[in-house]
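K.L.:
No gaps in the numbering here: position 94 of the sequence shown is 465 in my numbering, and each next residue is one more.
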Amino acid sequence: MRDPDHVVIEPRVLYVGTPVMLLGTQNADGSANLAPASSYWALGRMVCLGIENDGRTIENLAARPEITVNFPPPTLWQAVERIADTTGASPVPAAKQPRYAHVPDKFERAGLTPQPSDLIAPPRVAECLLQFEAVVRRDTPGLGDYHLVEAEVLRVHAAPSILDADGRLDPAAWEPTIYSFRHYHALGPEHGRRP
């Protein structure tokens, strides 16, 4: 029986829409690594991140399980894209060749500014209005090309411009970059809210 209101499709990805993040980790030599990601969800103080198997980020987290999660505004989508096909791993892992290039300083490549964290070693991204400092509590490898990393958020940094009069995050003032079916989007107008 056919459904006249829907057609069956095979999309290349199933990213219906998640926030873009810039993940900061610390390399073995103490320098910073920065990686774009968009597989994210949260429960309480725990964030769950999908991180590629063969990149510097997962290697760093295995050795030094601290991470910053930085949410860029839509105006920074080009900075995110400048490092989308880069890796801190050298040599470039076979699975990432020939598309990826080794870039040792991704902050510089992206045109972004590292900002010291309060409680952990990896830096935050100064241009991001919302930033988390977190510690990895569990890493589950083997989910296809990804690890599922669960991290506990220790500290949240927010620019005053995205807070309401009571000091809470104001969703109308903060606008994340949303990655939907490999396209960058901003939020549209509010449709309603839960009391």
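The beta carbon of each residue, even a glycine, is placed where N, CA and C say it ideally should be.
Computed from a predicted structure; not experimentally measured.
Here's a check: name, in chain order, each residue in its chain whose Cβ is nearer than 7 Å to the Cβ of ILE429, leaving out the five neighbours to either side.
P.N.:
Taking the first residue of the sequence shown as position 1, residue 429 is located at position 58. For ILE429, the CB contacts under 7 Å within the same chain, skipping 5 residues up- and downstream, are ILE422, GLU423 and HIS518 in chain order.
K.L.:
Could you compute how far the alpha carbon of GLY395 sits from the alpha carbon of LEU405?
P.N.:
Locating residue 395 in the sequence shown gives position 24, counting from the first residue. Locating residue 405 in the sequence shown gives position 34, counting from the first residue. Rounded to whole angstroms, GLY395 to LEU405 spans 5 Å at the Cα level.
K.L.:
In terms of alpha-carbon separation, which member of LEU483, SER532, ILE533 and GLU452 lies closest to ALA403?
P.N.:
As a working note, residue 403 is residue 32 in the sequence shown. The candidate whose alpha carbon is nearest that of ALA403 is LEU483.
K.L.:
Tell me whether TRP412 sits in a helix, a strand or coil according to DSSP, three-state version.
P.N.:
Your numbering for residue 412 matches position 41 in the sequence shown. Note: TRP412 maps to strand in three-state DSSP.
K.L.:
Within 10 angstroms of its Cβ, does PRO469 collect 16 or more other Cβ (buried), or is it exposed?
P.N.:
Taking the sequence shown and counting its residues from 1, the one referred to as residue 469 is at position 98. So PRO469 counts as exposed.
K.L.:
What's the gap between the Cα of THR548 and the Cα of THR458?
P.N.:
On the sequence shown, residue 548 is found 177 positions in, with the first residue counted as 1. On the sequence shown, residue 458 is found 87 positions in, with the first residue counted as 1. Cα to Cα, the separation comes out at about 22 Å.
K.L.:
Going by DSSP, name the residue or residues bridged to PRO390.
P.N.:
By 1-based counting over the sequence shown, the position of residue 390 is 19. Answer is ILE549, bridged to PRO390.
K.L.:
Is it true that the CB of TRP448 sits closer than 7 Å to the CB of TYR550?
P.N.:
Stepping through the sequence shown from its first residue, residue 550 is reached at position 179. Stepping through the sequence shown from its first residue, residue 448 is reached at position 77. Contact: no.
K.L.:
Looking at the secondary structure, which residues open and close the alpha helix (DSSP H) in which VAL451 lies?
P.N.:
Within the sequence shown, numbered from 1, the residue matching residue 451 stands at position 80. Per DSSP, VAL451 belongs to the alpha helix (DSSP H) from 448-453.
K.L.:
When the Cβ atoms of the region 520-535 are set against those of the region 491-506, are three or more pairs found closer than 8 Å?
P.N.:
yes
K.L.:
So, under 8 Å CB-CB, THR512 and ILE438 are touching, yes? Tell me the CB distance rounded to an integer number of Å.
P.N.:
Counted from its first residue, the sequence shown places residue 512 at position 141. Counted from its first residue, the sequence shown places residue 438 at position 67. Rather than Thr, the amino acid found at residue 512 in this sequence is Pro. At roughly 16 Å, the Cβ-Cβ gap does not stay under 8 Å, so PRO512 and ILE438 are not in contact.
K.L.:
What is the DSSP secondary structure of ILE533, reduced to helix, strand or coil?
P.N.:
As a first step, residue 533 must be located in the sequence shown, where it is residue number 162. Here ILE533 sits in helix by DSSP.
K.L.:
Looking at the structure shown, is PRO382 part of a helix, part of a strand, or coil, going by DSSP?
P.N.:
Counting from 1 along the sequence shown, the entry for residue 382 is found at position 11. Here PRO382 sits in coil by DSSP.
K.L.:
Given a threshold of 16 other Cβ atoms within 10 Å of its Cβ, counted over all protein chains shown, does ILE569 qualify as buried or as exposed?
P.N.:
Summary: the structure shown does not reach residue 569, with the chain confined to residues 372 through 566, and so no result is reported for it.
K.L.:
Look at the alpha carbon of GLY559 and the alpha carbon of GLY538, and state the distance between them as a whole number of angstroms.
P.N.:
In the sequence shown, the residue the question calls residue 559 occupies position 188. In the sequence shown, the residue the question calls residue 538 occupies position 167. Those two C-alpha atoms are separated by around 23 Å.
K.L.:
Measuring CA to CA, which of ASP374, THR389 and PRO475 is closest to VAL463?
P.N.:
Looking up residue 463 in the sequence shown gives position 92. That would be PRO475, whose Cα lies nearest to the Cα of VAL463.
K.L.:
At which residue ranges does the region 429-483 contain complete alpha helix (DSSP H) runs of 4 or more residues, listed in the order of the chain?
P.N.:
448-453 and 477-481
K.L.:
Quick check: VAL378 and ASN441, are their CB atoms within less than 7 Å of each other?
P.N.:
Residue 378 sits at position 7 when you count from the first residue of the sequence shown. Residue 441 sits at position 70 when you count from the first residue of the sequence shown. No, they are not a contact pair.
K.L.:
Report the three-state DSSP secondary structure of ARG508 (helix, strand or coil).
P.N.:
Counted from its first residue, the sequence shown places residue 508 at position 137. Three-state result, ARG508: strand.
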